[in-house]
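S.K.:
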Amino acid sequence: MSDTRLYLVQIAGHVSAETINASSPIKMVVTPKDGTTQCIVRTDQSGLIGLLRYLHTRNLVFLSISSNLEQSGESHVP
Amino acid sequence: MDALLATKLHQPASLTKSVKRSQLLQRLNAGLESGYQIFLVSAPAGFGKTTCVSEWVNTLKKFPVTWLSLDPADDDPGRFFAYLLAALQKLDEHIGQEIAGTLRAGQLPPAEVISITLINDMLKFDREFFLVLDDFHVIQEVFILEFFENLLANFPPRFRLILITREDPSLPLAQLRANNRLTEIRVLDLRFKKEDIERFLREVMGVSISPSDIGVLEDKTEGWIAGLQLAGLSIRDQDNPSDFIANLSGSHRHILAYLTEQVLDRQPEDIRAFLLQTSILDKLTADLCNAVTGRVDSRAVLERLFHANLFLVPLDYEGEWYRYHHLFADLLRSLQKSHQAEKTTELHRRAGHWFAESDMATDAIQHALDAEDYPFAVDLLEGYALDMVMQGYAKTVNDWVKALPADWCSQSPRSNLALAWAHLLRGTYVQASPYLERLESFFSGSQEEEAERQSLKTEWLVMQSLLLNRQGKTQESLAMAEEALKLVPSDDDRVRSLTQFCLATLYQATGKNERAIDAFQSALQASRVAGNTIVEMLSTCGLAQMAFEHGQLHQAYETASPVSAQIEKSSSLPPISTVIFGILGEICYQWHQLERARHFYERALQLSILGGYNSGIIGCHTFFARLFLLEGDPDAAAQEIQKSSELLQVDTPDYVRQETLAYQTRVDLARNRPAAAERALQSEGFSFGDQFCYPDLPPAPNLSYSLGLLYNSSLCFLLDKAQDGRNLAGPKNGLELADQLLDMALVNGLISLALETLLLRAQMHTVQGDHGASQADYRKALELAEPEGFIAVFIEHGQPAAEALMEMVKRKQLEEVHLDYVKRILAALSEVRRPLRERPAPVSSARTRSAALIEPLTGRELDVLRAMSEGLKYKEIGEKLFISQNTVRYHVKSIYGKLNVSNKTQAIKKARGLQLL
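Line by line, the protein sequences give chains G and L. 50 is the number that the numbering used here gives to position 60 of the first sequence; each next residue is one higher, with no gaps. One rule links them: number in the numbering used here = place in the second sequence (from 1) + 254.
1. To the nearest angstrom, how far is it from the Cα of R414 (chain L) to the Cα of L566 (chain L)?
2. Any contact of the segment 1010 to 1022 of chain L with the segment 780 to 787 of chain L, i.e. 3+ C-beta pairs under 8 Å?
3. Report all residues from its chain with a CB closer than 8 Å to the CB of V517 (chain L); omit the five preceding and five following residues, and keep chain order.
4. Looking at V367 (chain L): is its Cβ nearer than 8 Å to the Cβ of I863 (chain L)?
5. Using the rule of at least 16 other Cβ atoms within 10 Å of the residue's Cβ for burial, across every protein chain shown, is C947 (chain L) buried or exposed?
6. Could you name the residues of chain G that L417 (chain L) contacts, counting a contact when the two beta carbons are closer than 8 Å?
7. Mind pulling the alpha helix (DSSP H) runs of 4 or more residues that sit fully within the segment 902 to 970 of chain L?
8. List the residues of chain L whose Cβ lies closer than 7 Å to the Cβ of Q35 (chain G), in chain order.
9. For Q806 (chain L), which three-state DSSP category applies?
10. From L1036 (chain L) to F1048 (chain L), what distance separates their C-alpha atoms?
11. Shorter than 8 Å from the beta carbon of Y44 (chain G) to some beta carbon of chain L?
12. In three-state DSSP terms, what is I463 (chain L)?
13. Please compile the residues from chain G whose C-beta is within a distance smaller than 7 Å of the C-beta of R420 (chain L).
14. So is H846 (chain L) buried or exposed if we call it buried at 16+ other beta carbons inside 10 Å?
15. Mind the definition here: the segment 524 to 532 of chain L touches the segment 439 to 458 of chain L only if three or more C-beta pairs lie below 8 Å; say whether that holds.
16. Provide the residue span of the alpha helix (DSSP H) that contains E309 (chain L), from first to last.
17. What's the C-alpha gap between T1102 (chain L) and T876 (chain L)?
18. Going by DSSP, what residues sit across from E990 (chain L) in a beta bridge?
19. For P568 (chain L), report the span of its beta strand (DSSP E) as first-last.
20. Between which two residues does the alpha helix (DSSP H) carrying R603 (chain L) extend?
21. Along chain L, which residues have their Cβ under 7 Å away from the Cβ of N11 (chain G)?
22. Please compile the residues from chain G whose C-beta is within a distance smaller than 7 Å of the C-beta of R587 (chain L).
23. Quick one: does G40 (chain G) have its CB under 8 Å from some CB of chain L?
24. Give the secondary structure of S54 (chain G) by DSSP, where H, G and I count as helix, E and B as strand, and everything else as coil.
25. Quick one: which chain L residues come within Cβ less than 8 Å of S69 (chain G)?
26. Where do the N-terminal and C-terminal ends of the beta strand (DSSP E) with R358 (chain L) fall, by residue?
27. Compare the C-beta of T47 (chain G) against all C-beta atoms of chain L and say whether one is closer than 8 Å.
28. Can you list the beta strand (DSSP E) stretches of 3 or more residues lying completely in the segment 708 to 751 of chain L, in chain order?
29. Within the chosen definition, does the segment 37 to 52 of chain G reach the segment 276 to 284 of chain L through at least 3 CB pairs nearer than 8 Å?
30. Should S1006 (chain L) be labelled buried (16 or more other beta-carbon atoms within 10 Å of its own) or exposed?
31. For the segment 532 to 549 of chain L against the segment 573 to 592 of chain L, are there 3 or more C-beta pairs whose distance is under 8 Å?
32. Can you name, in chain order, every residue of its own chain whose Cβ lies under 7 Å from the Cβ of A763 (chain L), other than the five neighbours on each side?
33. Give me the chain L residues within the contact set of T(-6) (chain G), using Cβ-Cβ distance strictly less than 9 Å, ordered along the chain.
34. At least one CB of chain L closer than 8 Å to the CB of P68 (chain G): is that the case?
35. What are the start and end residues of the beta strand (DSSP E) that includes I416 (chain L)?
36. Taking 8 Å as the limit between beta carbons, can you name the residues of its chain near A1008 (chain L), skipping five residues before and five after?
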């Protein structure tokens, strides 16, 4: 619960980094991928919950949320 | 209705024993010293967030601090801002006073207006001050979050905001981090390290365990303080603490549930029962606990629990109110529900009755709903819903109504009625329909008493009448209101006042003036008996407005003036306030008391903005346009009328749109822009080709003041063309319209309108060379105007009126009129620096130079700027310009924004550079 992790939140459709980060509680690294938007963020659970609610209130559709990116070897921000 | 709960505004009392978190305090202090303005303490429940902040603010002795503990019911803008203002007013009673008055009248100002007003009020603090919002995660309402976004974007320099939350709020925190404005304490900072655990167990819980056990405990609980506290309570009685600790496993929730049961098992039976039974309460006090549990010694039990560290948090300094720690309460509740579900309902019912007897409606209704005691919930809703809606708690009432099963929902007519009113008053008419439909079903199926049914049906008819009127079905609306009047129970003065008021407005709209006055007076009388101050004000306002439109300026002033004084004294600012000040402004304008007129209109504008009353804002800007025209400043007038035009919307009432357009035309003419004026009038069906054509006049009773103004504007346009030599036949064509309009205005008693038409017709006669007819019209105008002291209407017509009047004085043709009165008009005319129309707009005024800015300063802002440059303080500026200090602050804020400066010195320097001063 108290750990900070790297999370990948995948959202349907393309959303620009400027738009998504404009009034976000946490700055995300945003990249488009195959008709989706991948948001990578390092945070704890309180930060993640706040972020998900922020995205949800902007009517963005979550496709997946995953963590442990370090172990999976996927590209990520340091 | 509930009074505000003082316990929510108390900083939680410090625990007698706690582990000092010096590193956290140092971190927070470092943020403070670095000038960080926002402090975010974000972590899941049970990590000691509140305790940490409470300890920190205790060390900030030299700064004022105010605290607000939020709960889920606060996610209703009306309630949230009521508490927020109460918290801020503990620091300074003047903060947000006007907003508080607006909220008390059931209005919710736009989020931006609330933030600007509060920011302005906060600017006067000369040292840092702190606001702590605990449990901020309960706030999800977009409206409230928008307010915080505005606040963060324009943060008062000395304000420090501390947010305690379980999740990061939907606010632009990333920007704050990037701008070094945010200090954060997160879960990693809050979790207890080994040495903290050791000290906590030893000093707070009185437990001593080995260093290795502490290590295991740290691993198992991840430094989670709530878990450690429960573990400490359990270990106390363990023969072998090491085994106990080693056997702890699972998630936090699992550990907590396990430990809670362990702790409960160690309590005597009666205390265990007390904990479980009272877990249904969000806040506890001895009397309430006695009522819920049937005990008589709850005070002693609460004190015992508190001293045993059993998660009891004091809510005040007197030891009257407590709450359980949220996590502990959650677990106790689920245990209570799983073991004794049937008894839980009874506990809620008892709590509901205790709160109802204590007149704490919100808690009473919530517990009645939790008890599924729907007859009781409906009974409470019937009693409280209307008052709560009228005080702006519509969302809360709506949530309760939604929580009722459908069968019971239709049996709560008063709450449906209240919600229908909420929508009607907010102008969301379509959304009122479902509630009105539910009410309709109540009339056919109910077994309620006849008088109650009749009273409800009358009120329902009144609301339907309002809806029909809104749809333009005036006759159907009137018929329905008349039917309502027949049904009003003889002893129901509240409903009588509503019905009479509704009828009065419909009579007024259909030109039945005498009936309208009678109905307004009946409404006034009934509302006073019923204590319905809103209808009392509305009726007074209606009477004042009718008196004004009928040219009875003194009567209108005497009617409106006491109400304005009453509004200023009261703590509530209903929407109608703006109309009262508007009428007083109009009267003073007509009397040519321009500064007083400006003062009243500034107040009207301020209240319109606060109330989010768009028509009021438009009307005020239109008035300022007129005022500037009269003062010979058409550019400033154009700025004001532009603001009005920009605010016009599809659903803006016709009278507001007509009035705006009427003055838009006159402003265009004063600025030598006849083509723009023509286009505006053409859009309303006027045409000025070879032949002047105008839309058919309505039947005489339907001619309103605003529509008449629009027709008069077309006459102004004809005269303008004729005086420029472009179309000398125009006035001849216009005479027919002027004749009809004048007759209708006089028949309807619209004296203010008739006066203007007479003066326009007089000028047309002059252009046609018929001086005899012209003088007859001037004479008639003077006769009409003198008893009530109209002056401005003559000045609006400038030089032609002045010349004609002087000529008539010279030739002694005014024997029917007192010469003194004419001399007053002539004196006022001579005061005007630049009479309208005859002179081109000045090109070098400060206001024109101000147009060089992206957004030019208004005339009033220039006045304030000049006063600032003279070194006057806000209070002195207010006194000089007859405006409130708050209005001065509004202007100053706007001036800074437009000049792109942040202080007075910069503003004056920049203004001098731009030759505005």
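Every residue gets a Cβ at the ideal spot worked out from N, C-alpha and C, and that includes glycine.
M.R.: The relevant details are as follows:
1. About 29 Å.
2. no
3. L484, L487, S488, L564
4. yes
5. exposed
6. Going along chain G, no residue has its Cβ under 8 Å from L417 (chain L), so there is no contact; the nearest lies around 11 Å.
7. Whole alpha helix (DSSP H) segments, 4+ residues: 908 to 924, 928 to 936.
8. P298
9. coil
10. Rounded to whole angstroms, the gap between the alpha carbons of L1036 (chain L) and F1048 (chain L) is 9 Å.
11. yes
12. Secondary structure at I463 (chain L): coil, using DSSP grouped into helix, strand and coil.
13. S36
14. buried
15. no
16. 303 to 313
17. Below a pLDDT of 50, predicted positions are generally treated as unreliable, and T1102 (chain L), at 41, falls in that range; the measurement from the model is reported next regardless. If I take the Cα positions, the gap works out to 19 Å.
18. DSSP links E990 (chain L) through a beta bridge to no other residue.
19. P568 (chain L) -> beta strand (DSSP E) spans 566 to 568.
20. 580 to 611
21. A428
22. Correct list: empty, because the minimum Cβ distance to chain G is about 22 Å.
23. yes
24. strand
25. Summary: the structure shown does not reach residue 69 (chain G), with chain G confined to residues -9 through 68, and so no result is reported for it.
26. Run containing R358 (chain L): none in the beta strand (DSSP E); it sits in the alpha helix (DSSP H), 351 to 358.
27. Judged by the 8 Å Cβ criterion, T47 (chain G) is in contact with chain L.
28. none
29. no
30. buried
31. yes
32. T728
33. Those are R440, V441, L442, listed as they occur along chain L.
34. Because the pLDDT at P68 (chain G) is just 34, under 50, the model does not fix this residue reliably, and the value given afterwards should be weighed accordingly. No, its Cβ sits nowhere closer than 8 Å to a Cβ of chain L.
35. 413 to 419
36. Only G805, L996, A999, L1000, L1038 meet the Cβ criterion.
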